[in-house]
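Mind the numbering: the sequence shown is residues 4 to 247 in the working numbering, read in order. No residue lacks a Cβ here, since even glycine has one placed at the ideal position from N, Cα and C. Please read these numbers as outputs of a predicted model, since none were measured by experiment. Taking it in order: structure first as structure tokens, then the write-up.
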Amino acid sequence: MTRTSDADSIIALRDLRFAWPRGDDVLDIASLQVARGERVFVQGPSGSGKSTLLGLLGGVLIAQHGSVEVLGQSLEKLSGSARDRFRADHTGFVFQMFNLLPYLSLIENITLPCRFSPTRAARAQAHGGSLQDEATRLLRELGLDAATLNRRSASELSVGQQQRVAVARALIGAPEILIADEPTSALDNDTRESFLKLLFAECARAGTTLIFVSHDRGLAPLFSRTIKLGEINRAGTLATATAS
């Protein structure tokens, strides 16, 4: 596994420990760095702490010990509202269930992050001319026709279509980091690989660092680096040793 120095990192974790209330450590990671522009596959079985790690990287969760540094900012030093603003400005999310809002149009779903982040709204407008134009461009790049689909609610779309809308929403405004939590779990093999190629191409165009979490080890060769959570998470190692 390639090592990245702190100076080159867009994400740096140091002496990180996290536990839920009245529970044992879920994560205990001495060090982890991710470089700008990397496509990182985070692998681990269900219950290994993958989603908890994503929550820490997004500033939704705060560790009891150690530091999570994103773009040179230690997230634990920010207030809750400041972390919310930082996340809105710099991080896009693709959720496992996509989390599209059925009462919004497709374009409105895609431009939703720009309502919470003037920074991303300004970037999107600088690139596309208007938020609607940039949302339409992203859909087109991801293989969807905005003119046709915008007349449908999100609930009327196929799983593959919902997935691409969710990616367009995460990418609008060129966030520096995109975090994807098991977004291909409902797709067949051919559709999964096609989707990943589109995702990689759009991240490369925007210079976005991709953190992709899955239990599907077969996806790992498609990424520039694989992080096996069980190998860096001492909490998981200790739990396994105790159980055996």
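May I ask you to verify whether the region 182-190 touches the region 88-105, counting CB pairs closer than 8 Å and requiring at least 3? yes
Let me know the beta strand (DSSP E) ranges lying completely inside the region 79-114, each 3 residues or longer, listed in chain order. 94-97
Are at least three pairs of beta-carbons, each pair with one atom in the region 126-141 and one in the region 169-177, less than 8 Å apart? Contact between the region 126-141 and the region 169-177 is present: three or more C-beta pairs spanning the two stretches fall below 8 Å.
Neighbourhood of Glu196 by C-beta, 8 Å cutoff - its chain only, sequence neighbours within 5 removed: Leu225
Please look up how many angstroms separate the CB atoms of Ala89 and Gly69, rounded, as I've assumed it's under 8 Å. Correcting the residue type first, residue 89 is Phe in the shown sequence and not Ala. So it is not a contact: roughly 18 Å between Cβ atoms.
Count the other CB atoms within 10 Å of the CB of Gly146; is the residue buried (16 or more) or exposed (fewer)? exposed
Rounded to the nearest angstrom, what separates Arg6 and Leu60 at their Cα positions? Because the pLDDT at Arg6 is just 49, under 50, the model does not fix this residue reliably, and the value given afterwards should be weighed accordingly. Near 19 Å, if we compare the C-alpha coordinates of Leu60 and Arg6.
Please name the residue, chosen from Ile65, Ser188, Ala189, Thr194, that lies closest to Arg86 on a Cα-to-Cα basis. Nearest option by C-alpha distance: Ile65.
Taking Cβ to Cβ, would you say Ile214 is nearer than 7 Å to Val71? Taking 7 Å as the Cβ cut-off, Ile214 and Val71 do not qualify as a contacting pair.
Is it buried or exposed, Thr211, if we count other Cβ atoms within 10 angstroms and call 16 or more buried? buried
CB of Asp28 within 7 Å of CB of Arg39, strictly: A distance of 7 Å or more separates the beta carbons of Asp28 and Arg39.
Three-state class that DSSP yields for Arg17 in the structure shown: For Arg17, the secondary structure class from DSSP, reduced to helix, strand or coil, is strand.
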